[in-house]
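A quick write-up on the structure given underneath.
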Amino acid sequence: MQQPRTESHRMILVTGGCGFIGSNFVLDWLAAHDEAVVNVDLLTYAANPDTLASVANDPRYAFERADVCDLDAMRALLKKYAPRAVVHFAAESHVDRSIHGPLDFVRTNVLGTGTLLEAARGYWKSLSAQAAGEFRFVHVSTDEVFGTLGPTDPKFDEHSQYQPNSPYSASKAGSDHLARAYFHTYGMPVMVTNCSNNYGPRQFPEKLIPLMIVNAIAGKPLPIYGDGMQIRDWLYVSDHCSAIRRVLEGGNPGELYLVGGDAEMPNRDVVHTICSLLAKHRPGRDYTQQITHVTDRPGHDRRYAIDFSKLQRELAWKPAENFASGIEKTVLWYLQNEQWVASVQSGDYRKWVETNYQQR
Ligand code: NAD
Ligand code: TYD
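The sequence shown maps to residues 6 to 365 in my numbering.
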């Protein structure tokens with residue numbers, strides 16, 4: 006049996022902490038807590054270890070390079086660190102990449118989540134009754150599992166039906182179902198968060214907002230898919246991180262929590278907002294001249310929107326940023342961190358840009 010953990014031994018284990026949301030979560034966590042965090046990440050193309058350079062020597066931070074699909078490695082890490090909770094971010098996360106290569110998504114998102122849950126189950130069973138009662142597993146997921154909405158449909162909520170449309174959302178739906186099954190079958194204290202589109206510092210420039218910012222700065226085309234009237238509900242990343250912390254501390258095992266920003270917006274408006282902010286902070290050019298319309302994404306979901314009233318009512322969470330404040334902070338971050346951007350634009354990145362955009 007694992008040793009009962011004392012206050013001084015409390016720590017959490019995060020997977021995917023070198024990615025966009027995971028890295029923001031680790032930085033916010035260490036800024037707000039004394040509690041230690043171990044970050045388990047395979048360092049795929051989406052990871053940038055430089056992102057966490059500021060905490061690399063912090064005694065409360067540890068890093069382990071490992072694959073969530075490796076059951077022995079996950080078991081060994083849980084035993085080594087004896088965390089009181091797991092927050093699972095690691096995933097393949099980009100819809101366009103899932104269209105080009107769906108099986109990587111099935112492997113990491115379905116098999117990886119299943120493997121981590123299975124390792125966590127063995128660990129959780131080995132804990133003392135008190136530690137097992139306090140243990141939590143938060144599975145971080147997306148609103149995309151619910152499919153697409155019509156223009157006047159009510160927003161997604163915790164009762165929405167799963168109707169995933171892309172290989173990415175289908176693989177995340179599979180992972181959500183496994184998380185649910187581990188609660189219902191084994192009683193493991195698992196909670197799932199389904200969040201809308203995030204944006205903010207340290208997002209890999211393959212997603213809409215960072216791609217448009219870095220292309221605009223570089224004088225490159227700003228490729229809007231189709232008519233650009235697809236709607237997403239945008240949430241600033243630190244608000245997603247605060248929602249996950251609330252769910253971790255006060256959420257009920259076995260439940261879903263939807264997280265959103267109350268900021269529905271068509272892609273065209275998002276891109277025009279970025280162009281205006283760049284014109285304000287780096288004047289001298291009309292960035293809208295770089296906008297191009299390219300062939301639409303196959304199976305492109307038209308609208309996502311989130312009703313987060315459960316999280317607001319039960320856990321007193323609401324976003325601190327609105328879209329106007331969050332997007333300005335984000336544009337400024339990319340303007341001030343051009344070195345970070347250069348460091349992630351490797352040969353692999355350039356190959357991806359060619360694959361996704363050249364034939365459009
Ligand atoms: P990301 O692609 O930026 O980062 C993913 C991280 O996981 C990377 O550091 C990568 O190295 C790591 N990883 C990938 N495969 C791994 C494996 N097999 N083993 C260990 N580590 C592995 O993703 P993100 O945007 O930060 O998203 C994090 C989580 O949040 C994902 O589960 C995603 O589905 C979910 N989510 C994302 C958004 C969004 O807008 N980005 C919205 C809602 C939910
Ligand atoms: P993305 O950031 O890939 O997130 P998701 O597909 O998970 O919502 O895309 C956000 C929206 O922006 C989506 O409707 C697709 C669109 N988009 C473009 O129009 N052009 C682009 O180059 C990219 C990457 C996305």
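A virtual CB, placed ideally from N, CA and C, is assigned to each residue, including glycine.
(request) Evaluate T113 with the Cβ neighbour count: other Cβ atoms within 10 Å of its Cβ, from every protein chain shown; 16 or more gives buried, anything less gives exposed. (result) Position 108 of the sequence shown holds residue 113. With at least 16 other beta carbons inside 10 angstroms of its own, T113 counts as buried.
(request) Tell me where the alpha helix (DSSP H) around C280 begins and ends. (result) Sequence index remark: in the sequence shown, residue 280 carries index 275 (1-based). It spans 272-286 - the alpha helix (DSSP H) in which C280 sits, taken as one unbroken run.
(message) I'd like to know if the stretch 60-71 and the stretch 137-150 are in contact, where contact means that at least 3 CB-CB pairs between them fall below 8 Å.
(response) no
(message) Please state whether the Cβ-Cβ distance between L263 and L316 is less than 8 Å.
(response) To locate residue 263, count along the sequence shown from 1; it is residue 258. To locate residue 316, count along the sequence shown from 1; it is residue 311. Their beta carbons are under 8 Å apart, which means L263 touches L316 by this criterion.
(request) Name the two residues that bound the continuous beta strand (DSSP E) containing T20. (result) One-based indexing of the sequence shown puts residue 20 at position 15. Note, T20: beta strand (DSSP E), 16-20.
(message) What would DSSP say about W322, mapped onto helix, strand or coil?
(response) Along the sequence shown, one-based indexing puts residue 322 at 317. Judged by DSSP in its simplified three-state form, W322 adopts coil rather than helix or strand.
(message) Quick check for students: name the residue ranges of the beta strand (DSSP E) that lie wholly in the stretch 9-89, counting only runs of 3 or more.
(response) If we require 3 residues or more, the beta strand (DSSP E) runs fully inside the stretch 9-89 come out as 16-20, 41-46, 66-70.
(message) Taking the alpha helix (DSSP H) that M217 belongs to, which residues open and close that run?
(response) Within the sequence shown, residue 217 is the residue found at index 212, counting from 1. Segment 213-223, the alpha helix (DSSP H) holding M217.
(message) Under 7 Å: does the beta carbon of K130 sit that close to some heavy atom of the ligand NAD?
(response) To locate residue 130, count along the sequence shown from 1; it is residue 125. Answer for K130: no, Cβ out of range of the ligand NAD.
(request) Identify which residue in N361, H182, N342, S281 has its Cα closest to the Cα of Y230. (result) Position 225 of the sequence shown holds residue 230. Nearest C-alpha to Y230: N361.
(request) Just the C-alpha distance for P210 and A186, rounded to the nearest angstrom, thanks. (result) Along the sequence shown, one-based indexing puts residue 210 at 205. Along the sequence shown, one-based indexing puts residue 186 at 181. So the two alpha carbons sit approximately 35 Å from each other.
(request) Out of Y66, F25, A67, point me to the one whose CA is closest to N53's CA. (result) Within the sequence shown, numbered from 1, the residue matching residue 53 stands at position 48. The option with the nearest alpha carbon to N53 is F25.
(message) Taking 8 Å as the threshold (C-beta atoms), are G22 and F94 in contact?
(response) Numbered from its first residue, the sequence shown carries residue 94 at position 89. Numbered from its first residue, the sequence shown carries residue 22 at position 17. It is a contact, given that the beta carbons lie within the stated cut-off.
(request) Inspect the beta-carbon positions of Y86 and M193 and report whether they are closer than 8 Å. (result) As a working note, residue 86 is residue 81 in the sequence shown. As a working note, residue 193 is residue 188 in the sequence shown. Result no, Cβ atoms of Y86 and M193 do not sit closer than 8 Å.
(request) Taking 8 Å as the cut-off, decide whether the C-beta atoms of R221 and L283 are in contact. (result) Here the question's residue 221 lines up with position 216 in the sequence shown. Here the question's residue 283 lines up with position 278 in the sequence shown. Rather than Arg, the amino acid found at residue 221 in this sequence is Ala. Their beta carbons are under 8 Å apart, which means A221 touches L283 by this criterion.
(message) Looking only at its chain, what residues have a beta carbon closer than 6 Å to the beta carbon of C280, apart from the 5 residues adjacent to it on each side?
(response) Locating residue 280 in the sequence shown gives position 275, counting from the first residue. For C280, where only same-chain residues beyond five positions count, the Cβ hits under 6 Å are Y292, T293.
(request) Note down, in chain order, each residue of its chain lying with its Cβ closer than 8 Å to the Cβ of E333, except the 5 sequence neighbours on either side. (result) For this step, residue 333 is matched to residue 328 along the sequence shown. Answer for E333: L282, listed in chain order.
(message) Strictly by DSSP, which residues pair up with W239?
(response) Taking the sequence shown and counting its residues from 1, one reaches residue 239 at position 234. In the DSSP output, where bridge partners are listed per residue, W239 has N202.
(message) Can you tell me whether I249 sits near the ligand NAD, meaning its C-beta is under 7 Å from at least one heavy atom of the ligand?
(response) The count along the sequence shown starts at 1 and reaches residue 249 at position 244. Not under cutoff, so the answer is no.
(message) Within 10 Å of its beta-carbon, does K177 have 16 or more other beta-carbons around it, so buried, or fewer, so exposed?
(response) One-based indexing of the sequence shown puts residue 177 at position 172. Buried, since its Cβ has 16 or more Cβ neighbours within 10 Å.
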